[in-house]
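Below is one structure, written out as structure tokens, with a few remarks after it.
2 protein chains.
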Amino acid sequence: MDVTVNTRKDAGDKPTRIQEINRRIILEAALDVFSAYGFRGSTIDQIAEKSGMSKPNLLYYFKRKQDIYVAVLEETLEEWLQPLHDLKPDGDPVEELRRYISRKIDMSAKRPEASRLFANEILHGAPAIKSFLGTSLKKLVDEKASVIRQWVSEGRLAPIDPYHLIFMIWATTQHYADFDVQVRAILGAQVDRTGFAEQSAQAVLSLILNGIKVR
Amino acid sequence: MDVTVNTRKDAGDKPTRIQEINRRIILEAALDVFSAYGFRGSTIDQIAEKSGMSKPNLLYYFKRKQDIYVAVLEETLEEWLQPLHDLKPDGDPVEELRRYISRKIDMSAKRPEASRLFANEILHGAPAIKSFLGTSLKKLVDEKASVIRQWVSEGRLAPIDPYHLIFMIWATTQHYADFDVQVRAILGAQVDRTGFAEQSAQAVLSLILNGIKVR
DNA sequence: CGAAAACTTGACCAACCGGTCAAAAGTCAG
DNA sequence: CTGACTTTTGACCGGTTGGTCAAGTTTTCG
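As given, the protein sequences belong to chains A and B, one line each in that order.
Under this note's numbering, the first residue of the first sequence is numbered 1, with each subsequent residue one higher.
Under this note's numbering, the first residue of the second sequence is numbered 1001, with each subsequent residue one higher.
Laid out in structure tokens, this is it:
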């Protein structure tokens, strides 16, 4: 039994320099492709072409199409939830929520592909991340919801169900990324004018914050 | 040249009884399938099976997969936009918007497949209805936006950009249909308890209405 | 009834696509 | 430089899927 033999690729071997580079290239290309066409609508060939490598070569790094998809989802998820993680019980509630909403809008504007990737995944029943939603995400949201509930009970926020508040923040902030073509169709070229993102952020912020301020 | 020969199927011939029945069956099955798997992810066989007919027979009624998709989109669109059509300049602004939001939430709860069908279509660049978005939908939204702007300028509504307000209403009301699995993962079984829809509606309504009431 | 028109279907096809494989080309440590 | 290991690729395969077709069955209507 030659113990030096290893199966590489799967096992926990440290990746080579080339592996590191190429995995990164593939995941970036895959984010673009999957977010544009969805899992079923994307082909390995598309991702390979965008990565500048052949299909068999891509499959040398990720054995199956699913594996690429899951990898890109996991990679992006952590970044995507960071703003919610950073919502802290200390400090002014309205200010904390203002910061949270601002960061969410900012991320949607700067990385719309990430937003669309999740939107598509969830829209179709979240086959790849359902277990994550029910465990890690639920835990995180439960935690932050109780922070918000605390604020409400202290009278520092207008009475509102914290879960519904979080859903509304998600819905409104991601709308501009997920439904970009619709927004463009209606607003036309002004979407590309500088300051549009800030203007949208202002509208979302003022509406939600007005709705939760104590009066 | 036998003039009585007609190409049927495309032409403006009045459909037979069987045609009317089967087209309806197909479109209903297609809404379920397309909304669950998207255009690319759905197969003609799936729709045929759900319709209880053979694939060639289904293709007898709709020559191509695209044709079924476009037909079901067009059919559902009209119904989907009715509430916005009914937003009238007369009457109390807050009451009008309350009615509009309520009807949107109601539709999302009762016909989530329709909501998901559009969400998916727009998410992927609206290839089938892009022209519609830029013409009919834009016209409708422009019209209603100016109604809202009028209300604001009369001081009957808090100052807010009417387009962003409409987008926020769309985003929040459709969120519960489009992201159903996520909502379920976080809230669990309580989603199925009676009154949940009303509770969500209440949360959305109170937040948005609070944000637009003059103070 | 009878025949024309409408409807239905099994068999089939070509394109596409996820994935394999064996062999060539490149990398790198000793 | 050399040989072991890693990376790359062209050719290929089998399953799926959109769509066709010719032949059969049912409906409609004079």
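Even glycine gets a Cβ: it sits at the ideal position worked out from N, Cα and C.
Each residue's CA atom was taken as its position, placing residue 180 of chain A and residue 84 of chain A some 23 Å apart. Here the segment 117-129 of chain A makes contact with the segment 59-79 of chain A; the two share three or more CB pairs at distances below 8 Å. Within chain B, the residues 1175, 1183 have their CB atoms less than 7 Å from the CB of residue 167 of chain A, given in chain order. Nearest to residue 207 of chain A by alpha-carbon distance, out of B:1185, B:1168, B:1194, B:1184, is B:1168. Taking each of A:160, A:183, A:77 in turn and checking the Cα distance to residue 133 of chain A, the smallest one comes out for A:77. Neighbours of residue 141 of chain A in chain B, taken as residues at a C-beta separation under 8 Å, are given in chain order as 1186. Against residue 1208 of chain B, the close residues of chain A are 207, 211, in the order they occur along the chain (beta-carbon pairs closer than 8 Å). The Cβ atoms of residue 1158 of chain B and residue 1211 of chain B lie closer than 8 Å to each other.
Between the C-alpha atoms of residue 1027 of chain B and residue 1064 of chain B there is a straight-line separation of about 13 Å.
Not flagged as an interface residue toward chain A: residue 1128 of chain B, since no C-beta distance is shorter than 8 Å.
The continuous alpha helix (DSSP H) containing residue 1076 of chain B extends over residues 1065-1085. When rounded, the separation of the alpha-carbon atoms in residue 1184 of chain B and residue 146 of chain A is 18 Å.
Residue 25 of chain A sits away from residue 1163 of chain B, with the two beta carbons spaced by 8 Å or more. What residue 138 of chain A touches in chain B, judged by beta-carbon distance under 7 Å, is 1185, 1186, going in chain order. Residue B:1018 holds the alpha-carbon nearest to the alpha-carbon of residue 1058 of chain B among B:1040, B:1155, B:1191, B:1018. No Cβ-Cβ contact shorter than 8 Å links residue 204 of chain A with residue 68 of chain A. Look at residue 61 of chain A: its C-beta is not under 8 Å from any C-beta on chain B. Per DSSP, residue 1089 of chain B is not a residue of any alpha helix (DSSP H), being assigned neither H nor E. Of the residues B:1029, B:1202, B:1035, the one whose Cα lies closest to the Cα of residue 122 of chain A is B:1035. DSSP places residue 189 of chain A in no alpha helix (DSSP H); its state is neither H nor E. The C-beta of residue 125 of chain A comes closer than 8 Å to at least one C-beta of chain B. Residue-level contact check: residue 1111 of chain B does not touch chain A, since none of the beta carbons of chain A fall below 8 Å from its beta carbon. Take residue 116 of chain A, set aside five residues on each side of it, and the residues of its chain with a beta-carbon closer than 7 Å to its own are 35, 177, 178, in chain order.
Residue nearest to residue 139 of chain A within the set B:1087, B:1054, B:1188, B:1215 is B:1188 (criterion: CA-CA distance).
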